[in-house]
Structures are given as structure tokens and as C-alpha cells.
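Each residue of the sequence shown is one higher than the last, beginning at 370 in the numbering used here.
Right, one structure below, let's go through it.
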Amino acid sequence: MGQYEIVCHLVCGVEKPDPSLLPSGVEFRHQLNCVQEQAAGQSPCSEVHFLFSFEGRLVGALDAVLDSNARVAPFRILLQVPGSQVYSPIACGELLSGSDVYWAIATGATLEEINQHWDWLEQNLLHTLSVFDNKDDIASFVKGKVKALIAEETSSRLAEQEEEPEKFREALVKFEARFSFPEAEKLVTYYSCCCWKGRVPRQGWLYLSIHHLCFYSFFLGKELKLVVPWVDIQKLERTSNVFLTDTIRITTQNKERDFSMFLNLDEVFKIMEQLADVTLRRLLDNEVFDLDPDLQEPSQITKRDLEARAQNEFFRAFFRLPRRERLHAVVDCSLWTPFSRCHTVGRMFASDRYVCFASKEDGCCNVILPLREVVSIEKMEDTSLLPNPIIISIRSKMAFQFIELKDRDNLVESLLVRLKQVHANHPVRYDTSRDEDLVCGLETPTSPVFHSTSMCNDHKFGDLEMVSSQNSEESEKEKSPRLHPEALISVFHRAGSQSPDSRMSREQIKISLWNDHFVEYGRTVCMFRTEKIRKLVAMGIPESLRGKLWLLFSDAVTDLASHPGYYGNLVEESMGKCCLVTEEIERDLHRSLPEHPAFQNETGIAALRRVLTAYAHRNPKIGYCQSMNILTSVLLLYAKEEEAFWLLVAVCERMLPDYFNHRVIGAQVDQSVFEELIKEHLPELAEHMNDLSALASISLSWFLTLFLSIMPLESAVSVVDCFFYDGIKAIFQLGLAVLEANAQGLCSSKDDGQALMVLSRFLDHIKNEDSPGPPVGSHHAFFSDDQEPYPGTDIADLIRDSYEKFGDQSVEQIEHLRCKHRIRVLQGHEDTTKQNVLRVVIPEVSILPEDLEELYDLFKREHMMSCYWEQPRPMAPRHDPSRPYAEQYRIDAQQFAHLFQLVSPWTCGAHTEILAERTFRLLDDNMDHLIEFKAFVSCLDVMYNGEMNEKIKLLYRLHIPPALTENDRDSQSPLKNPLLSTSRPLVFGKSNGDATDYQKQLKQMIKDLAKEKDKTEKELPKMSQREFIQFCKTLYSMFHEDPEENDLYQAIATGTSAVMLV
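In C-alpha cells form, the structure reads like this:
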């Protein structure tokens, strides 16, 4: 242990200090040492030493410390550093003669001040030193950490956020001491656990940091350290072994590791999933990186941040809200539900622009209240029957009563602040005609038009006054005169050849049922969403209400109302511009529902072109992806053009996240989730289908087009109805219902082609008995000419079966599965990238494939290390999966230098770094300060496997521009500073230990060079004298300490001198 002392400089004759004033645990020993200074004119000084023992152990004694004329604080706390011969304080004091080094940890002008420093050290530093085994480790730790501890920049900040700061601080110290990561590698949390190796458990500590999973064990004198980067994890799952029923298994490229613990297993697994998901998405999924603010600052992630992020993601997924929506509060409460005449227990979620409610009983009642719809938020009188109530009134003359709210005053205050901000950013301008049109005339005709004054008065959001929106409507029409004013189906609805009376009567019955529901549960986006409305949706939405209800269920109506004129402006800006995206759109326009009359003429085609082009202009990150045309064409059938645009925004950016991008990661993740659901719900089918990926590839279009491309249109729109109400859950359960209905045929199929035929025939014969219009022909119906009649299935029956048999999946379960399978999908893409890069590089180099694979892993790891701890540099962007495979990972000069020293055979001691810089400049053809894997490997291939003339040529080019610059920092002379050699110098081959026949090699090299001249390749430029000198210095540094160094040096010197004379 290190020795601490409080050194009190006293003038001779001063009395001994009062022991009661000394810090707790400090032993007083008066030692008056009068040491004569050798220098003239200096008087002896006296010192009183206060020695204390740490954990009851006294270590050594303080040697005499001589004071000088400098101003030294009268009280100091010192740490003895063993094995040194001088005294060298950190923050104060002077360099004095002596036998040991003492670090001045703290100083004080008074005893009270030094006591305060001592108390602080006891609290923040001393209790952590017990983890070290020797004095050197203590001294090294204190030297590096005392200033950081005082500033409380690292451990104190993190510790304040944990429930047990003292234990966390101690764990942080152990983590840093055991694994020696850079300071930027923040510890998130830690747990006691066992790591299993076969049947043998190793008890130790599991440390979860922002980029690594670490395990440490010290058992029976054996130390075990395990470090697994999150970015290397390919699978994270809960499993069991022979001894335990529940363990966490982590799978990397070559190994599986099991961890178990008696407590907190659920918590540990969730945090592991969160950390792996965050790291992989930040480093490997750059397409959506900038869309998730939670991933921007990994160094700030704490355990609480991860819990908050998980809650945020659940909130956005459950209510299908924008990705940028931030959750501020989750409060237990009860909501008055007039249809059941009681208060329903649940939770309130308050975010930036929404107040939402979800009942504790799944599906009982959900409510979404956009703040722009809210008129006032008021506190009511607190009573025994209505404890802590508040009333939220909305624009459509509805009021929502919440009771049993904890901390009601602060909640209301924060809600009012956000309400004011929302109304200030998006003033409310609604008119009666738009409201009536929104729900097809079901709104009360006396509904007023509101304009928010954006004023807060006590607990009620300011007064709202009636305004006319006629002028704004006219101006919008002037801006976008070309927009189609109504849903296409109202114009292009074909008349059937048979009498539609029965179908129309069913449609009228549905409309009547919906009217009754609107009266009881509400008619706007703020309606009560219960199991009853889900049943109505499953029956099929009436065509006259379909587009409007899609707007309400997706909350696209809020975006529409919040952005008046936005779509028209986008159309004006985007139309007429020609680029790759618009070419792709034009190519697909006439493939979008060609069987429907609406898209057999220019009216429908033009509307589709405007919507797709405007969206590509709005979101260039997505631009345009195939299948967006089919989805948009259906949206245009049932919604106005501007409404269809906002529905497309809701689908692409909220309801199907990451589906429509370069790699369709979201769709692939859901395909992987679908495979797991098949194993869970249809085990017999999963057992028969050995490779479920075949089913996944068949069902990919189900998810990308919501069954619109593989099912008759009049049936598929009922699926879209369920999707807008229940989200992706509806597609999962319907897919399972389709597979179950065809399980027998799939089990008897002999190959993937036959399985595809079974499913295609079934889906093509799904009918909609309730559709008011005639069946629309399907361009995908390539099995329609069956010799034998195929029994049809009604879509309503199929949807009902899907809800009854497979509707038990909750949003939380689906999001958990998505997180789990996103890891596998992203790692699958990484494997694909690696294989494609190696496939391109292998034919061009002589390096063995297995060595090339290891080099790729090193190259990628070097790139990742910079992403872990270094500040992003402009010339070193993150991984970009949209680039060609060979260019996805690139490294800068600093990273290249590290790799060069690690794997290059041309190491030249201290000269190696300079040679690495020149090599990087030579390989950086486009001068963007980055090189890719292919260039790196090609250079190594020449060094290891190239012909002699190729090696000399490369070495020559490293000593002329652009590799050698005017500002080259090589100023050392190898003659004055001998440079260390390498075990693998530039190879001159020897045969059986005989003397090297350099003449033969030189003759062969001359012949090779003569052949090179015959080629059309441009000759190398001539060297200047300065460049030639640098070339010779490199040669000498390569051969230094070679067994034949003297002969080689003489040869180089002779050759150099001869050339210089010429």
C-alpha cells in the first residue's frame, strides 16, 4: 500500500497541534528534524509529520524533506511512490533531494482546509485502493486519477446516476484497472455472474460498457479476462444448459459463451440487447443513424438512459408515433370511459406533442391526443371520489377526465408548457367543411373553426377564437392547382355486370355500425380505441370511410393539418427535375395496378407521379424504392392526393421503419421475426420445412406491399385496413393464418417451387364477398387458368381466424423480437460484405485466402476502434453500407500507420512510422485521405510476394512525390541514430546457406526492368539528390543489425557514392 502523510510545515517553537483537530484515523507523531541546508543563507526548518494507516497498515516513514525559499503551502497530503530517488510533487512543492518520490495530492493553508481535503479523499479515493495488489499500481492509479476525481468529470458523474454510487464507483475503478480501456470507454453497469466453459463455471464479475462485454474472474490463483466487442456479437439469446434452466448465450464468429446468475437475469439480458442494438445500429446501420438521436452520443449512455430508451421505443411503437417523438413522463392513472360508465385503470404517456393513454388490460382502451387538438388542460377539485383529477378538452367538444395522478401540479405545468409550444409552432386553422369532410359528414355541423392564440393563463390554455379559412384554402389552391381534388375511386369506380344490391346493402349496414360507433366512442383521431373498433375494422371498412379512417388510425391527419401547403410546395419544387430516382419512378408508373381503370389514364398516373416524386424530394435518404408505387396507388384510390402523400409518410417513416431504404433492413428483420413466429405457432410446418428462409423469401412481398401485390385488390384493402389500425402485428398474424390454411399442401410439397405454387393459388383465390364493386383482375394471377375449380376463401374469415388464433402477440413482444433479429440481420450483411470483398480481391493477390480473411478482420477492427473512442474526423466517416462492398470500410493515415507497423515486412524501427506515412500518401490516389481494403492488401502483396523489381519499384516510388513531400518529417540520420531492424527485411533469397549470388539476381532484375520498358506503362520520374538520400537512408534502416550488415552497408555506401559522383 502507498503511504499517505499530512505534512505540516512549522516554524521552530510552534506548539504541537490539537489532536482533536486531526482527521479521523490519522496518527500524530511529532518529529522535529533540523536539517541544515548546504546552501548559505538558509535556516533549518522543522516539520511535523502526521502519519495514518490505510486499513490499519503503516507503510514506511517519511524521509526528511527540505523546504526551500519557494512559497510552499503549510499543509500537504503526500503519497509515497516506491523505488524512486527524488521527490517530485504533482500540484505543488519542489524537486528536492531525498531517497523517495512523494506526490503532493492536496495542499491547504489551514488545518481545517486540509481536513476537508482529507474527508474528500476518504470518500472518493481511499476506499478503492484495496483492489490493487502492489504499491506501483497504487501510485500509477493515483497519479492518473486524482485530478479526474477532483473534477468529478468521470466516475462521480456516472455514480450520481446509480442507486448505489459508492459500489458503482468501486466497480468503475476495478473495471478501468483490469481492462485498461481508454477513458472514453464508459462503464454502464456490472453484475456478479458465472461464465461457463463446458460444464465448468467460473465465478466472477460481468462488466457491460458502451462498446464491450467484459468478464473478469480470479479463482484459485488463475486470472481470466474476457473481452467481447458488441459489434462482434452475432446472436444473443436466452437458453439452458445441463445444470441451469436459464442462461444467456453470446455467439460470436467462432465461439459461444454462456453466462448465468441467480438474480437480475431479465435485467441483464435486456441491457445486453440494448447495448448490442445501439452499437450495431450506430456502427453498421449508417442509413438510419442520423434518424435516432439516442445513438448520437454513446459516451453519455448510462443504465438509466438505456431504460429510458427502451421505454421510448415501446411508446413510439405502441402508438405508432414519429421516431423523433420524445417521451417525458409515464404516470399511472385512471381515465373516465363513458361507454363503460367507469374509470379504466392504465397509464398516461406524455411526450413532445402527444398525450396518450393505454389501459392495463390489453386492448380494453387506448387514446391518442395530439396536443394540437387540445383546447385546455385544467385541474379539478380534489375529492375522495376523484383524487387528483385533471380535464383535457379537445377541439371536437370532447373532454377526457384523468384521476389518481401523482405529482399532478408538475405534470400539468409541463403539459401546458409543451401545449403552448405546439400551438406556437403550428397555429390551429380548421374549418367546418374540412371537419365534416374528414369523417364524411359525421361531425356536428355547428363545429366552430379555431385559431390558437398560443397564450397560457393559469392552468387553462388561452382563448380560442373563430376565424375563416376561406382565404387560406384559396391560396393553397393557387399554389398547387394541379393536385387531384378527390379520391380516384370516386371517379373511376367501374360498374359491375351483376346487380350490386346485396353488396350495397352490406355496405350500408357497415356504415350504420360505424355511425353508431362514432356517436359512442368519438369520431376524430382522439376517439376511444377499444376491442369493438378492432372487430369493426376486421369486418372491413366501408369504402366511403376507408381513406378518412386510414388518416385517423395512422395519425396522418395531424401531419396534414400541421403542414398546410407543404405538399403543394414539394410538388412545385420536385416536378420537372430529372435524376436517377425520377427515372426509376417513371419506369414503374405503368406497372402500378395496371388492371384498375384509375391507372389506365393520365389522371391517375400523374397523381401517382406527383406523390412519389414529392416524397423522394422530402426524404432523399429513402428516395424511391420498389413496392412504394403499388402502396401509393392504393392510397390514391381511397384518399385525396395530399392525404395519400401524408399516409405514405406515415407508412414509410413510422409504421414500417427501415423498410424502404437501400438494404430494406426493416423488412429483412421482420422476415426473421416471422420465421421465429412460424416455429412457435406452427411447429409441425417448421419441422417439415427444413429451411424456413424459403418461406421467408416467398413472404417478403407480403410485408413490402401489405399483400397488395399477391392478393386481389378488393381483398387486399381489407388487410390494409387492419394494418393501419394494428400496425405490423396484423401482417404477422395474417401471414401465419395463410400458412396454417395451407399447411397440408406445404408439407406435401417437394421443393420451393411447389410451395410457391401452393401459396400463390391460395392467395389468388381470396375473395371479398362484401366489396361493393366488381372483382378487379390481378396481374399477378398466373395460376388463374386452373383446369379444376379452386375453392375460394373469404378475406373476412381469414382475418377473423388470424385474430382468434394468432392475435396474442403484443407490441412489446414484437419489438423484443425485432431487436433480437436485427443483430442477426446486420451481422448477416457484414458477412455478405466480407465475402464479396474477398471474392474481388483474392484473384488479384497472392496472399492465401485464410490470411486475407484475417487481414480483413484486422482492417475492419482498426476502423471500428476509431469509431469507439476517437472523435469523428471529417476525413474518416462512419461505415457507409450504401457504398460498393470494397469501399464500405476505409481507414485514415493514423489507422494505416498502426496496421503498417503490425503487418508490414518493411519495418525499419523508428523509421517505420515515416515509411508508413509515405506509403499511405502513395496509395491515396484520389487525395481524400482514406484508403480502402483492396489498396491496402495490394501493397502488402507486393511487399511479401512481389518480384524483386516490383519491390524495388515500390520502394523507389515511396521516395518520390507524392509519397515524399517537401514537409517530410524525416530529419534523422541513420548514421548517427542506428535504427532497429526487422526479422523480415527486404528478402534477397539464399540457397542452402551458400553465399548469395547477387550478380545473378541483379542480372535478372535488369532483364525484368527491360521487359517493363517494353510495356506502355509510364516510366518512373527521376529522383532528386534529396530524394535519393532518403531512399538510401531507408535501405540502411532495413538492413541494420543484419548478419551481413557491414557488407551491405559498404555496398550501399559504394553504390551511393558512385551515383552521387555521377
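We treat Cβ as the ideally placed atom computed from N, Cα and C, and that holds for glycine.
These numbers come from a predicted model, not from an experiment.
How do the segment 636 to 649 and the segment 592 to 602 stand: do at least 3 beta-carbon pairs fall below 8 Å, yes or no? yes
In the DSSP assignment, find the alpha helix (DSSP H) that holds Ile1047 and state where it starts and stops. Here residue 1047 refers to the residue found at position 678 of the sequence shown. Here the alpha helix (DSSP H) through Ile1047 covers Ile1034 to His1050.
Which residues bound the beta strand (DSSP E) around Gln770? To locate residue 770, count along the sequence shown from 1; it is residue 401. Counting along the chain, the beta strand (DSSP E) containing Gln770 begins and ends at Ala768 to Ile772.
Grouping DSSP H, G and I as helix and E and B as strand, with all else coil, what is Gly573? In the sequence shown, counting from the first residue as 1, residue 573 sits at position 204. Reduced to three states, the DSSP call for Gly573 is strand.
To the nearest angstrom, how far is the alpha carbon of His1185 from that of Glu1219? Taking the sequence shown and counting its residues from 1, the one referred to as residue 1185 is at position 816. Taking the sequence shown and counting its residues from 1, the one referred to as residue 1219 is at position 850. For His1185 and Glu1219, the distance between alpha carbons rounds to 36 Å.
Apply the 10 Å Cβ neighbour rule to Trp1071 and answer buried if 16 or more other Cβ atoms are within range, or exposed otherwise. As a working note, residue 1071 is residue 702 in the sequence shown. By the neighbour-count rule (16 or more Cβ atoms within 10 Å), Trp1071 is buried.
Could you spell out the range, first to last residue, of the beta strand (DSSP E) harbouring Pro534? Along the sequence shown, one-based indexing puts residue 534 at 165. No beta strand (DSSP E) contains Pro534, which is instead part of the alpha helix (DSSP H) from Pro534 to Phe548.
Take the Cβ of Trp489 as the centre, count every other Cβ of all protein chains shown within 10 Å, and call the residue buried at 16 or more, exposed below. The sequence position of residue 489 within the sequence shown is 120, counting from 1. Exposed, by the Cβ-count rule.
Please classify Phe356 as buried or exposed, where buried requires at least 16 neighbouring CB atoms within 10 angstroms. As displayed, the chain neither begins before 370 nor continues past 1431, which places residue 356 out of reach and without an answer.
Is Tyr1258 helix, strand or coil when you go by DSSP? Within the sequence shown, the letter at position 889 stands for residue 1258. The answer is coil: DSSP assigns Tyr1258 none of H, G, I, E or B.
Which residue comes first and which comes last in the beta strand (DSSP E) that contains Phe628? Here the question's residue 628 lines up with position 259 in the sequence shown. Here the beta strand (DSSP E) through Phe628 covers Glu625 to Ser629.
Can you say whether Tyr576 is buried or exposed, counting buried as having 16 or more other CB atoms within 10 angstroms of its CB? Working through the sequence shown from its first residue, we reach residue 576 at position 207. Buried is the call here.
Which residue marks the beginning of the alpha helix (DSSP H) containing Cys1188, and which one marks its end? One-based indexing of the sequence shown puts residue 1188 at position 819. Residues Val1180 to Val1210.
Asn1318, enclosing alpha helix (DSSP H) - first and last residue: Indexing the sequence shown from 1 puts residue 1318 at position 949. Annotation for Asn1318: the continuous alpha helix (DSSP H) segment containing it runs Met1317 to Arg1326.
Report the rounded CA-to-CA distance for Ala1165 versus Val1107, giving the unit in angstroms. Reading the sequence shown from its first residue, position 796 is the one you call residue 1165. Reading the sequence shown from its first residue, position 738 is the one you call residue 1107. Distance from the CA atom of Ala1165 to the CA atom of Val1107, rounded to whole angstroms, is 13 Å.
Of the residues Ile1192, His1298, Arg1326 and Glu554, the one placed nearest Lys1391, counting alpha carbons only: What you label residue 1391 is simply residue 1022 of the sequence shown in a count that begins at 1. Looking at the Cα atoms, Arg1326 is the closest of the given residues.
Exposed or buried, Leu632, counting other C-beta atoms within 10 Å across all chains shown (16 or more means buried)? Sequence index remark: in the sequence shown, residue 632 carries index 263 (1-based). Exposed, since its Cβ has fewer than 16 Cβ neighbours within 10 Å.
Work out the CA separation of Lys748 and Gln622 for me, nearest whole Å. Counted from its first residue, the sequence shown places residue 622 at position 253. Counted from its first residue, the sequence shown places residue 748 at position 379. Going from the Cα of Gln622 to the Cα of Lys748 covers about 58 Å.
Length of the line joining the Cα atoms of Arg1230 and His1267: Walking along the sequence shown from the start, residue 1230 turns up at place 861. Walking along the sequence shown from the start, residue 1267 turns up at place 898. Roughly 12 Å between the two C-alpha positions.
To the nearest angstrom, how far is the alpha carbon of Glu1286 from that of Phe1269? Reading the sequence shown from its first residue, position 917 is the one you call residue 1286. Reading the sequence shown from its first residue, position 900 is the one you call residue 1269. Using only the alpha carbons, I get a separation of about 9 Å.
Give the secondary structure of Cys711 by DSSP, where H, G and I count as helix, E and B as strand, and everything else as coil. Here residue 711 refers to the residue found at position 342 when the sequence shown is read from its first residue. Of the three classes helix, strand and coil, the one that applies to Cys711 here is strand, per DSSP.
Kindly indicate which residue of Leu929, Arg692 and Ala727 has the alpha-carbon position closest to the one of Pro796. Residue 796 sits at position 427 when you count from the first residue of the sequence shown. Comparing Cα positions, the closest option is Leu929.
Own chain residues within Cβ distance below 6 Å of Glu900, not counting five before or after: Working through the sequence shown from its first residue, we reach residue 900 at position 531. Gly732.
Top-ranked residue by Cα proximity to Cys1188, from Ile1100, Ile1034, Glu545 and Ile579: Your numbering for residue 1188 matches position 819 in the sequence shown. It is Ile1034 whose Cα lies nearest to the Cα of Cys1188.
Which stretch, first to last residue, makes up the alpha helix (DSSP H) that contains Tyr935? By 1-based counting over the sequence shown, the position of residue 935 is 566. Taken as a continuous stretch (DSSP letters only), the alpha helix (DSSP H) holding Tyr935 covers Tyr935 to Ser943.
Would you mind working out which of Ser1041, Leu675 and Ile1135 sits nearest Leu1082, comparing C-alpha positions? The residue labelled residue 1082 in the question sits at position 713 within the sequence shown. Nearest of Ser1041, Leu675 and Ile1135 to Leu1082, Cα basis: Ile1135.
Leu977 vs Leu958 beta-carbon contact at 8 Å: Within the sequence shown, numbered from 1, the residue matching residue 977 stands at position 608. Within the sequence shown, numbered from 1, the residue matching residue 958 stands at position 589. Going by C-beta atoms, Leu977 is nearer than 8 Å to Leu958.
Three-state secondary structure (DSSP) of Met717: Sequence index remark: in the sequence shown, residue 717 carries index 348 (1-based). Three-state result, Met717: strand.
Inter-stretch contact (C-beta, 8 Å, three-pair minimum) for the segment 673 to 685 and the segment 739 to 758: no
Let's test the definition: count the other Cβ atoms within 10 Å of the Cβ of Arg979 and tell me whether it reaches 16, buried, or not, exposed. Within the sequence shown, numbered from 1, the residue matching residue 979 stands at position 610. Answer is buried; the Cβ neighbour count reaches 16.
Please say whether Ala475 and Ile507 have beta carbons closer to each other than 8 Å? Numbered from its first residue, the sequence shown carries residue 507 at position 138. Numbered from its first residue, the sequence shown carries residue 475 at position 106. Result no, Cβ atoms of Ile507 and Ala475 do not sit closer than 8 Å.
Among Phe968, Leu1006 and Phe1228, the one whose alpha carbon lies nearest that of Leu1271: On the sequence shown, position 902 is the one that residue 1271 refers to. Checking every option, the nearest Cα to that of Leu1271 belongs to Phe1228.
If we count Cβ pairs, one from each stretch, closer than 8 Å, do we get three or more for the segment 541 to 559 versus the segment 577 to 596? yes
Tell me which residues share the same chain as Tyr1094 and place their Cβ nearer than 6 Å to its Cβ, disregarding the 5 neighbours each side in the sequence. Looking up residue 1094 in the sequence shown gives position 725. The residues are Val906 and Phe922.
In three-state terms, what does DSSP make of Ile1329? Indexing the sequence shown from 1 puts residue 1329 at position 960. The answer is coil: DSSP assigns Ile1329 none of H, G, I, E or B.
Whole-angstrom distance between Phe550 and Ser499, CA atom to CA atom: Counting from one through the sequence shown, the residue named residue 499 turns up at place 130. Counting from one through the sequence shown, the residue named residue 550 turns up at place 181. Whole-angstrom Cα-Cα distance: 20 Å.
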